[in-house]
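From first to last, the protein sequence lines stand for chains B and A. Per my numbering, the first sequence starts with residue 21, numbered consecutively. Per my numbering, the second sequence starts with residue 782, numbered consecutively. Note that beta-carbon positions come from the ideal geometry of N, C-alpha and C, so glycine has one too. A quick note: this is a predicted structure, and the numbers were derived from the prediction, not measured.
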Amino acid sequence: MARLTSLEAPRDTETRRVLVTGLATYWGGRLAQALESFEQIDAIIGVDSVDPTRELERTEYVRVTNQHSLLERIVRAAEIDTVIDTRLVVNSLMASPRVAHENNVIGTMNILAACTGSDSPVRKFVFKSSTHYYGAEQDDPAFFTEEMTRPHPPHTGLERDIVEAEQAVSEYAQRNPDVATTILRCANVLGPDVDTAFTRMLQLPMVPMVLGFDPRIQFVHEDDVVHALEHAAFHVAPGIYNVAADGVLALSEVIDLVGKVAAPVLPPWGTGIATGSLRRLGFRIPVEVVNQLRFGRGVDNRLFKGTGFEYGYTSREAVMKLSEHMRLAQVMRGTEQEYTYEREVEEFLRWSPNVRREHPGERGGVAADREPLGF
Amino acid sequence: MADEKRTSLADHAVPAEEAGGAGAGQQLPERRPAEVMRELLPAIEPDRRLNDWGRSERVEGFMDATLVEFFYRYWFRTEVEGIDNVPSESGALLVSNHAGALPPDAPMIAKAIREEHPNPRPLYLTVEHFFKGYPGFSMLIPKVGGVAAHPANVHRLLYDERQLVLVFPEGRKGTEKLYRDRYRLRRFGRGGFVEAAMRAEAQIVPTCVVGAEESAPIFGHVDVLRKLTGLIYFPITPTFPWLGPFGMLGYLPAKFKIRFLEPIDTVELGGAEAAEDKALIQTLSQEIRALIQENLHEMLAKRKSVWLG
């Protein structure tokens, strides 16, 4: 891999003042924690309509709904040069269809509107999307590359919203050529912390499969997604990139790795109806994953690797990491402490003259355990 | 319904910019040169039994040691000519005639390369998208090296991974033809296979198979049962459907002869740039078809007996 370092994209030293949207989401929180360890970043502002769920040191949280006029005032007042949008809902079980649409489509439009204008300070826009953009169909290629579009129009609300949101971002990129706009399409994420459709499914005692199908599925580890967002903020040329770990696994292989039993309980015909009734029984499989359980999906991840990014985990390693965590979780149950945001405490820690700030970064974050990228 | 699912290698070859849709307007990052992209391919994980295409060493090895071995060696007594025409390094597209209700030609060609070639390599077989959507087939076909006949798949295999790919341009028209039409090549699709090979700058190896037609003759089709089962066709053969699904494997012991012809160098013909030239592609496709047909006739003329060769 020695050759690759010479290929690395020019480092963008302009990234100084960052706005993270969706601070209360898993990705927003993780990313803000990671960004805090970069000393060259002067300001990290996080916006969301609900309180953060992760402990943050110097990130400033502003509670604001997706109103573009308010967002625009924040962007201009803080002279934000980089906006990282992590707020996309990519699992239809996490929010009702109406809320998801509001967030994914209307929310994206509002954030883009807040970054528009010839005098806008924004120079870089990073948008976290999902490989649900491609869908999963019978006549798909085995590896989607970034320039491909889905062969059929989306038939779930969530996929429609993701396509629409990306369309809005692409239009924004066209109209604002001097803003470097990057879209990261992340594959199904696995990891000990993150809550996705597949982490949930793999935690079931028996993992449901569609009878007669063994789909190919590609994963990416949660830490790699956070690193990818950082990497996009600092190094990457504008454009669309797939973010997915090396290796496409068969679902049977995945189930084998986590040591579970495959339950081919879903009928090959009428799968939608069957998952609907399973959902009522507590086996929660989101609609957009049903087709994936039948046809699977793989993406070509070489373009992003070509920018100098190195994944910490392959798909297989991500699955094994999750299964290690699942074994440990049975022992560790109930020992971890939940974080709750207390405005007074956070403000005291940030602004009080009595707080001594000698050890920046001691609270850690994803970046604390490794060398910071670049600089 | 079934007709819509017909697959041609040329069907999907529409770049996103022309197709329109989301993301079409946004600039795409520049692709790096082929050698770099090849280097960026995922490394092989030695602990895995499957590869990224879903091909399973275990399932394939099991089939190879049992069924395929039996048919190749004892049942069809396969004879191979011109194995040296299959390149041992770069990517190459093998183009063959196609016959038989459950075609035995593909596994026999793959086995011939495994057995006879100085550098035995896996052979990927392009299949219709139909198989990805049919329960059972969808599980089994990728495990033994089947890959959906999508131009992007063929391109990745030939160009990036430099593998051997087998394609039957006749497609279903070849396998569903009746016994009385044996060894009459059907139309070679829309020449999509030539285009795919040109784009990937891979060699084309025309391949002729004699024997498959007689080993699994089709006497007729039952359309009602085809619709009921959702299969692409429902043939009447000497053993199917009389012996149930396994009747599909009831091959007659015809003598198999496989002949690999001189490879055609697509780089000499203009390579990736010439892939846009529809006239050239049609001509080439027809020439390859004629070449295979001619060789088939020659092989048939020399054959004294269907069963003994």
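C-alpha distance - residue i paired with residue j, whole-angstrom precision
i, j, result
"glutamate 59 of chain B", "leucine 313 of chain B", "43 angstroms"
"tyrosine 940 of chain A", "leucine 875 of chain A", "14 angstroms"
"isoleucine 260 of chain B", "arginine 813 of chain A", "15 angstroms"
"threonine 1020 of chain A", "glycine 1031 of chain A", "6 angstroms"
"leucine 348 of chain B", "valine 189 of chain B", "41 angstroms"
"asparagine 262 of chain B", "aspartate 198 of chain B", "23 angstroms"
"glycine 802 of chain A", "threonine 169 of chain B", "Low confidence applies here, because glycine 802 of chain A scores a pLDDT of 41, under 50, leaving its location unreliable; read the following figure in that light. Taking the straight line from one Cα to the other gives about 7 angstroms."
"glycine 302 of chain B", "serine 335 of chain B", "27 angstroms"
"proline 287 of chain B", "leucine 966 of chain A", "39 angstroms"
"valine 990 of chain A", "aspartate 865 of chain A", "16 angstroms"
"alanine 253 of chain B", "proline 72 of chain B", "21 angstroms"
"glutamine 1067 of chain A", "threonine 859 of chain A", "28 angstroms"
"valine 278 of chain B", "methionine 340 of chain B", "7 angstroms"
"glycine 232 of chain B", "valine 245 of chain B", "32 angstroms"
"leucine 947 of chain A", "isoleucine 890 of chain A", "9 angstroms"
"glutamine 194 of chain B", "aspartate 833 of chain A", "35 angstroms"
"arginine 961 of chain A", "glycine 835 of chain A", "37 angstroms"
"serine 149 of chain B", "aspartate 828 of chain A", "31 angstroms"
"histidine 898 of chain A", "serine 869 of chain A", "8 angstroms"
"valine 209 of chain B", "glutamine 238 of chain B", "9 angstroms"
"asparagine 934 of chain A", "leucine 906 of chain A", "11 angstroms"
Exposure label - residue i; buried when at least 16 CB within 10 Å
i, result
"glycine 328 of chain B", "buried"
"threonine 360 of chain B", "exposed"
"leucine 1009 of chain A", "exposed"
"phenylalanine 315 of chain B", "buried"
"aspartate 105 of chain B", "buried"
"leucine 959 of chain A", "exposed"
"lysine 325 of chain B", "buried"
"glutamate 330 of chain B", "exposed"
"histidine 175 of chain B", "exposed"
"methionine 352 of chain B", "exposed"
"proline 1044 of chain A", "buried"
"phenylalanine 368 of chain B", "exposed"
"tyrosine 46 of chain B", "buried"
"threonine 847 of chain A", "exposed"
"lysine 892 of chain A", "buried"
Sheet register partners of residue i (DSSP bridge)
i, result
"methionine 226 of chain B", "B/Val281"
"glutamate 860 of chain A", "A/Lys1038"
"phenylalanine 239 of chain B", "B/Asn208"
"glutamine 984 of chain A", "A/Ala873"
"glycine 259 of chain B", "B/Thr202"
"alanine 1001 of chain A", "The identity of residue 1001 of chain A in the sequence shown is glycine, whereas the question assumes alanine. According to DSSP, glycine 1001 of chain A bridges with A/Ile1017."
"arginine 317 of chain B", "B/Ile237"
"tyrosine 905 of chain A", "A/Val946"
"valine 849 of chain A", "The partner list for valine 849 of chain A (beta bridge, DSSP) is empty, contrary to what the question assumes."
Chain-ordered neighbours of residue i on chain C, where CB pairs are closer than 9 angstroms
i, result
"alanine 929 of chain A", "Absent here is chain C; the protein component of the structure consists of chains B and A."
Cβ neighbours of residue i in the same chain (closer than 7 angstroms, five flanking residues each side left out)
i, result
"alanine 1056 of chain A", "Glu976, Met979 and Arg980"
"valine 925 of chain A", "Val840, Glu841 and Met844"
"glycine 863 of chain A", "Arg1040, Phe1041 and Leu1042"
"valine 142 of chain B", "Val95, Ile100, Asp101, Val103, Cys135 and Val199"
Reduced DSSP secondary structure (H/G/I, E/B, other) of residue i
i, result
"aspartate 101 of chain B", "coil"
"tyrosine 81 of chain B", "strand"
"asparagine 396 of chain B", "Because residue 396 of chain B is not part of the residues shown, which for chain B are 21 to 395, the question remains open."
"isoleucine 65 of chain B", "strand"
"serine 1086 of chain A", "coil"
"histidine 1078 of chain A", "helix"
"phenylalanine 147 of chain B", "strand"
"tyrosine 20 of chain B", "Here chain B comprises residues numbered 21 to 395, so residue 20 of chain B is not present and cannot be evaluated."
"arginine 37 of chain B", "strand"
"isoleucine 305 of chain B", "coil"
"valine 268 of chain B", "coil"
"alanine 115 of chain B", "coil"
"serine 919 of chain A", "helix"
"leucine 831 of chain A", "strand"
"alanine 929 of chain A", "strand"
"valine 817 of chain A", "helix"
"isoleucine 1045 of chain A", "strand"
Close-in-space but distant-in-sequence residues of the same chain around residue i (CB under 6 angstroms, 5 per side omitted)
i, result
"alanine 794 of chain A", "Confidence is the limiting factor: at alanine 794 of chain A the pLDDT is only 40, short of 50, which leaves the residue's position unreliable, though a coordinate-based value still follows. The residues are Pro932."
"glutamate 92 of chain B", "Ala134"
"leucine 945 of chain A", "Ala873, Arg902 and Leu904"
"lysine 913 of chain A", "Ser919 and Ala929"
"valine 285 of chain B", "Pro228"
"leucine 39 of chain B", "Ile65, Ile100 and Val103"
Other residues of its chain near residue i: CB distance less than 8 angstroms, five sequence neighbours each side excluded
i, result
"isoleucine 305 of chain B", "Ala217, Met221, Pro228, Thr295, Leu298, Arg299 and Leu313"
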